[in-house]
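Novice:
Residue numbers (my numbering): 4 to 93.
Right under this line is the structure:
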């Protein structure tokens with residue numbers, strides 16, 4: 004499912020226009036991104052939790068040459084599915 008298909012599904016389920024559903028989806032993604040950027044987590048009970056995880060610096064290998072390279076520490080977004088979402092998928 005891509006973004007336009009999700010917007011169509013949201014519009015049908017909520018009985019709103021596709022434009023309104025698109026604005027709602029954009030507001031949701033912007034809100035989650037803003038919260039993660041600020042260092043917060045976003046918990047949606049039953050659905051899941053969005054959080055930022057820290058990745059430590061490490062040594063990797065260049066696959067072409069085999070030379071060791073240093074990979075910098077970074078932050079990455081993560082999602083942990085909630086129980087209701089896990090149960091819905093099984």
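Glycine included, C-beta positions come from ideal geometry on N, C-alpha and C.
Give the secondary structure of residue 76 by DSSP, where H, G and I count as helix, E and B as strand, and everything else as coil.
Specialist: coil
Novice: Bridge partners for residue 62 per DSSP, in chain order?
Specialist: Residue 62 pairs with 73.
Novice: Whole angstroms are fine: how far does the CA of residue 16 sit from the CA of residue 93?
Specialist: A straight line joining the alpha-carbon of residue 93 with that of residue 16 spans about 23 Å.
Novice: Is there a C-beta anywhere in chain B that falls below 7 Å from the one on residue 50?
Specialist: Considering every chain present, this structure includes no chain B. It has just one protein chain.
Novice: Give me the DSSP bridge partner(s) of residue 57.
Specialist: In DSSP, residue 57 forms a bridge with 78.
Novice: May I have the straight-line CA-CA distance separating residue 63 from residue 71, to the nearest angstrom?
Specialist: In a straight line, the C-alpha of residue 63 is about 6 Å away from that of residue 71.
Novice: State buried or exposed for residue 48, treating a residue as buried only when at least 16 other CB atoms are found within 10 Å of its CB.
Specialist: exposed
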